[in-house]
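First the structure, in the form of structure tokens, and then the observations on it.
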Amino acid sequence: MNRPNIVVLGAGYGGMITTAKLQKMLGSNEANITLVNKHNYHYQTTWLHENAAGTLHHDRTRIKISDVINFNRVNFVQDTVVSLDPSSKKVQLENGELTYDYLVIGLGFEAATFGIEGLKEHAFTINNINSARLIREHIEYNFARYNNEKEERQDLLNIVVGGAGFTGIEFVGEIANKVPELCKEYDIPREKVRIINVEAAPTVLPGFDEELVEYAMNLLEGKGVEFKVGTMIKQVEEHKILVEKDEQQEEIPTNTVVWAAGVRGNSLVEEAGFETNRGRVPVRDDLRPNGHDDVFIVGDCALIMNPENDRPYPPTAQIAIQEAETTARNVKKIVHGEDNLETFKPDLKGTVASLGEGQAIGVVFGDKKLFGWTASVMKKIIDNRYLLKLGGVGLLLKKGKFNIFTK
24 MNRPNIVVLG AGYGGMITTA KLQKMLGSNE ANITLVNKHN YHYQTTWLHE NAAGTLHHDR
84 TRIKISDVIN FNRVNFVQDT VVSLDPSSKK VQLENGELTY DYLVIGLGFE AATFGIEGLK
144 EHAFTINNIN SARLIREHIE YNFARYNNEK EERQDLLNIV VGGAGFTGIE FVGEIANKVP
204 ELCKEYDIPR EKVRIINVEA APTVLPGFDE ELVEYAMNLL EGKGVEFKVG TMIKQVEEHK
264 ILVEKDEQQE EIPTNTVVWA AGVRGNSLVE EAGFETNRGR VPVRDDLRPN GHDDVFIVGD
324 CALIMNPEND RPYPPTAQIA IQEAETTARN VKKIVHGEDN LETFKPDLKG TVASLGEGQA
384 IGVVFGDKKL FGWTASVMKK IIDNRYLLKL GGVGLLLKKG KFNIFTK
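All residue numbers for the sequence shown refer to my numbering, where the first residue is 24 and numbers rise by one.
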């Protein structure tokens, strides 16, 4: 009997968990498993804001794929996906081509720029290890330049963060902790540095509990963060941005704009001809799109509606991991000739947002609110639980966060 070719695209949360589960569920004589990823490492997307601010080294965030995946059991291809052709069951790579019997798409997200003029050209995004590293180095370079310029340039010291969702707030919390250290290093008075968080919605962390939002804003304002809510970024230029609130426009000099106000699914999925909504593909209960029973989609590229509010579930790491576990079990069933595939049902255990070292807010176990140090400890527990799930005790000991008072 010919062994089916199972190809997994992307080594994010969805792709890694799917592959790690499949290598245990299927014998080497049952299927050929291939994992494709641009780099030879997986990274914790939920830690990238710390890397971007410079409060956690990026090597702590990335995990060698070989530390988790058995290359004797899985064919790892380090390459970049160029295009997908579901009709011919082919994946075009920069350096070759793959054919598949079953495909798992976990290609991650791209920033949604909403057509804002100059945003793509002049703003940074926290997308991956390299983009996070670029932000950190750019901010430090601007601080180093400040006292070496002939004229005082406030744009070098104004850090603007577009978006006050989870990524924006978590990055603001980290950079607020980092700025005093940078000021000391580069002989800059702290009061000269502005951290400005711009959010189009009428509040930060839209949809989050009001009491927790108030706690977060008070804490961050105490660290010098300025909030401009109900304010839209209209234009981004090299050394300034234009914002608007209540039809009143304001120019803010800045050489650093970090955009964290929205994501969309990978454009390759859209270009492949799947039905999409902002790059995300509506999937059935078994995580397969209509008309493609040989394709599973997980993570940022999958669109799943919450029947309770008729809105899409947010593309979080928590949901991507659960989707991957269901996908792995369903692929196993198909390989074994079973047709009773599992229905995916998200089990939302809670949400925690960090606000810098030792501080966080969250809602867990349904409606239990957590503040400050307690929430920060819970976030570390969540992070460590993922490492244990992905690579067992060995990976947890190697990459885990154990000291509750530090990173």
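For every residue, glycine included, the Cβ atom is placed at its ideal position computed from N, Cα and C.
Sequence-distant residues of the same chain with beta carbon closer than 7 angstroms to residue i, five excluded per side
| i | result |
| --- | --- |
| Ala398 | Val375, Ala383, Ile384, Gly385 |
| Val195 | Val184, Ile218, Asn220, Leu243, Val248 |
| Ile483 | No information on residue 483 is available, as it lies outside the stretch 24 to 430 that the chain covers here. |
| Gln345 | Pro369, Asp370 |
| Glu260 | Gly141, His145 |
| Arg42 | The question names Arg, but residue 42 is Thr in the sequence shown. Contacts found: Val31, Ile56, Leu58, Ile92, Val97. |
| Ile16 | Summary: the structure shown does not reach residue 16, with the chain confined to residues 24 through 430, and so no result is reported for it. |
| Asn278 | Asn165, Asp178, Leu179, His262 |
| Asn300 | Leu326 |
| Ala34 | Leu58, Asn60, His65, Ile88 |
| Ser377 | Glu193, Gly196, Ala383, Ser399, Lys402 |
| Pro276 | Gln177, Asp178, Asn181, His262, Lys263 |
| Leu265 | Lys257, Gln258, Gln272, Glu274 |
Opening and closing residue of the beta strand (DSSP E) in which residue i lies
| i | result |
| --- | --- |
| Ala134 | 132-134 |
| Gln258 | 255-259 |
| Leu439 | This structure does not reach residue 439, given that the chain is present from 24 up to 430, and the question cannot be answered. |
| Asn98 | 97-101 |
| Asn28 | 28-32 |
| Pro276 | 271-276 |
Close Cβ partners of residue i (< 8 angstroms) along its chain, the five nearest in sequence each way excluded
| i | result |
| --- | --- |
| Ile211 | Phe166, Tyr169, Asn170, Leu180, Leu205 |
| Thr200 | According to the sequence displayed, residue 200 carries Asn and not Thr. These residues qualify, in order along the chain: Ala76, Thr78, Lys246, Gly379, Glu380. |
| Leu235 | Leu228, Ile384, Gly385, Val386, Lys392, Phe394 |
| Glu365 | Asp309, Thr349, Arg352, Asn353, Lys356 |
| Asn363 | Lys356 |
| Pro225 | Val252, Gly253 |
Residues bridged to residue i [DSSP beta-bridge criterion]
| i | result |
| --- | --- |
| Asp108 | Lys113 |
| Ile384 | Ala376, Phe394 |
| His65 | Ile86 |
| Trp282 | Thr148, Gly185 |
| Thr122 | Lys113 |
| Glu222 | Val252 |
| Gln177 | Paired residues: none, contrary to the question. |
| Glu432 | Outside the modelled stretch of the chain, which goes from 24 to 430, sits residue 432, for which no answer is possible. |
| Pro369 | Answer is none; Pro369 lacks a bridge partner. |
| Ile128 | Leu32, Ile320 |
Nonlocal neighbours in the same chain, by C-beta distance under 6 angstroms from residue i, ignoring five residues either side
| i | result |
| --- | --- |
| Gly395 | Gln382 |
| Leu71 | Ile149, Ala155 |
| Phe132 | Val286, Asp323 |
| Asn329 | Tyr336 |
| Asn74 | His81, Thr84, Ala155 |
| Leu126 | Val30, Val318 |
| Ala223 | Met255 |
| Thr136 | Leu142, Lys143 |
Residue i - containing alpha helix (DSSP H), residue span
| i | result |
| --- | --- |
| Arg213 | Counting along the chain, Arg213 falls outside any alpha helix (DSSP H), and DSSP gives it neither H nor E. |
| Leu243 | 233-245 |
| Gln46 | 36-48 |
| Glu267 | Not the alpha helix (DSSP H): Glu267 falls in the beta strand (DSSP E), residues 263-268. |
| Glu73 | 71-76 |
Any non-hydrogen atom of the ligand FMN within 8 angstroms of residue i CB
| i | result |
| --- | --- |
| Asn98 | With respect to the ligand FMN, the structure shown offers nothing to examine, as it has no ligands at all. |
CB contact below 9 angstroms: residue i versus chain D
| i | result |
| --- | --- |
| Leu32 | No chain D appears in this structure, which consists of one protein chain only. |
(message) Measuring CB atoms only, is the stretch 302-314 touching the stretch 110-119, in the sense that at least three cross pairs come out at less than 8 angstroms?
(response) no
(request) Tell me the start and end of each unbroken beta strand (DSSP E) in the stretch 283-352 that is at least 3 residues and wholly inside, in chain order. (result) 286-288, 318-320
(request) Report yes or no: do the stretch 78-91 and the stretch 54-68 share at least 3 C-beta pairs separated by less than 8 angstroms? (result) yes
(message) Taking contact to mean 3 or more Cβ pairs, one atom from each stretch, closer than 8 angstroms, check whether the stretch 406-422 and the stretch 246-262 are in contact.
(response) no
(request) Check whether the stretch 25-32 touches the stretch 326-334, counting contact only when three or more Cβ pairs, one atom from each stretch, lie closer than 8 angstroms. (result) no
(message) Taking 8 angstroms as the cut-off, does the stretch 89-103 touch the stretch 289-299 (at least 3 CB pairs, one atom from each stretch)?
(response) no
(message) Does the stretch 33-43 come into contact with the stretch 118-125, if we say contact requires no fewer than three beta-carbon pairs (one atom in each stretch) closer than 8 angstroms?
(response) no
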